[in-house]
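Chemist:
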Amino acid sequence: QGAIRGGAGLVTGVLPRSLMTPFTVAVPAATTADRDADGIGACASADAIVCGPGLPPDEAHRLVRALRIAADAPLVLDAGALDVSTLLDAHAAISTPHPGEAARLLDSTSADVQADRDGAVRELVRRFGGTCVLKGANTLVCDGERLYENRTGNCGLATGGTGDVLSGLIGAFLARGMEPFDAACAAVHVHGAAGDLVAERLSPDGLCATDLPLAIAEVLGR
Numbered sequence: 573q574g575a576i577r578g579g580a581g582l583v584t585g586v587l588p589r590s591l592m593t594p595f596t597v598a599v600p601a602a603t604t605a606d607r608d609a610d611g612i613g614a615c616a617s618a619d620a621i622v623c624g625p626g627l628p629p630d631e632a633h634r635l636v637r638a639l640r641i642a643a644d645a646p647l648v649l650d651a652g653a654l655d656v657s658t659l660l661d662a663h664a665a666i667s668t669p670h671p672g673e674a675a676r677l678l679d680s681t682s683a684d685v686q687a688d689r690d691g692a693v694r695e696l697v698r699r700f701g702g703t704c705v706l707k708g709a710n711t712l713v714c715d716g717e718r719l720y721e722n723r724t725g726n727c728g729l730a731t732g733g734t735g736d737v738l739s740g741l742i743g744a745f746l747a748r749g750m751e752p753f754d755a756a757c758a759a760v761h762v763h764g765a766a767g768d769l770v771a772e773r774l775s776p777d778g779l780c781a782t783d784l785p786l787a788i789a790e791v792l793g794r
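Numbered by my numbering, the letters in the sequence shown go through residues 573 to 794 in order.
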């Protein structure tokens, strides 16, 4: 939904066959491809690929390695794809860890990451390359040379699934032709602004991931 409302155009979910019908019911605006039949082939012509949500780390690693051979599109890695071996194989991907995931990647603690967020995001880029989006209050985006600190958003965005929406939105902006750092910065800003819009109308306490896609479209239309 984040990719769709972000203006990606054609969005395809690469899924196990057993999930294709439920996915189509939940997201009728997207198409599907059977992961086990020709999932990698379906990605070959993609303009951007988001990988990780809903995947265990070992499966995400296998998929990323295959994608790097079969597809030339920029990668956004989240959730199950945020693993040391996967990031090392991904080459210049956009990674989107929250503080807990960042701590695991750095063999550190969430408290240490939060105590020096600038240092943590820079170290993630130094180790794994690409662009890193360190989520949290005032989300940071770093590509090794530039550092952006976001000022939109609220505590309601710390709920489950909102990060998946952000990953889809980053993917949409990549598909629309933005460079990785610019796409990540723009997506983080719009995602936070959409969260603020929902919080104004409802409350931050009641915000959930499914509230965000329409709000994203509204923010983009302003």
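Ideal placement from N, C-alpha and C gives every residue a C-beta, glycine not left out. As the structure is a prediction and not an experimental result, all values here were calculated from the model.
Using DSSP with H/G/I as helix, E/B as strand and the rest coil, what is Ala755?
Modeler: By 1-based counting over the sequence shown, the position of residue 755 is 183. Ala755 falls in the helix class under three-state DSSP.
Chemist: Since Cys615 is in the alpha helix (DSSP H), which residue starts that stretch and which ends it?
Modeler: As a working mapping, residue 615 is identified with position 43 in the sequence shown. Counting along the chain, the alpha helix (DSSP H) containing Cys615 begins and ends at Arg607 to Cys615.
Chemist: Looking at Thr584 and Thr603, is the spacing between their C-beta atoms short of 7 Å?
Modeler: In the sequence shown, the residue the question calls residue 603 occupies position 31. In the sequence shown, the residue the question calls residue 584 occupies position 12. In this structure, Thr584 lies closer than 7 Å to Thr603 by Cβ.
Chemist: For Leu786, which of helix, strand or coil comes out of DSSP?
Modeler: Residue numbering aside, residue 786 sits at position 214 when the sequence shown is read from its first letter. The answer is helix: DSSP assigns Leu786 an H, G or I state.
Chemist: In three-state DSSP terms, what is Ser682?
Modeler: Sequence index remark: in the sequence shown, residue 682 carries index 110 (1-based). Reduced to three states, the DSSP call for Ser682 is helix.
Chemist: Check the DSSP bridge columns for Ser667 and list the partner residues they point to.
Modeler: Within the sequence shown, the letter at position 95 stands for residue 667. Ser667 is bridged to Leu649 and Cys704.
Chemist: Is the stretch 627-642 touching the stretch 676-687 in the sense that three or more CB pairs, one from each, lie closer than 8 Å?
Modeler: With a cut-off of 8 Å, the stretch 627-642 and the stretch 676-687 do not count as touching, because too few Cβ pairs lie within range.
Chemist: Just the Cα atoms here: how many angstroms apart are Glu721 and Val705?
Modeler: Here residue 721 refers to the residue found at position 149 when the sequence shown is read from its first residue. Here residue 705 refers to the residue found at position 133 when the sequence shown is read from its first residue. Distance between the alpha carbons of Glu721 and Val705 is about 10 Å.
Chemist: Measuring alpha carbon to alpha carbon, tell me which of Arg699, Ala692 and Arg698 ends up nearest Gly708.
Modeler: Indexing the sequence shown from 1 puts residue 708 at position 136. For Gly708, the nearest C-alpha among the options comes from Ala692.
Chemist: Determine the burial state of Gly778: buried for a count of at least 16 other Cβ atoms within 10 Å of its Cβ, exposed for fewer.
Modeler: Position 206 of the sequence shown holds residue 778. By the 10 Å Cβ count, Gly778 comes out exposed.
Chemist: DSSP state of Gly585, grouped into three classes?
Modeler: Here residue 585 refers to the residue found at position 13 when the sequence shown is read from its first residue. Here Gly585 sits in strand by DSSP.
Chemist: For the beta strand (DSSP E) holding Asp713, just list the boundary residues, first then last.
Modeler: On the sequence shown, position 141 is the one that residue 713 refers to. Residue 713 is actually Val in this sequence, not Asp. Here the beta strand (DSSP E) through Val713 covers Leu712 to Cys714.
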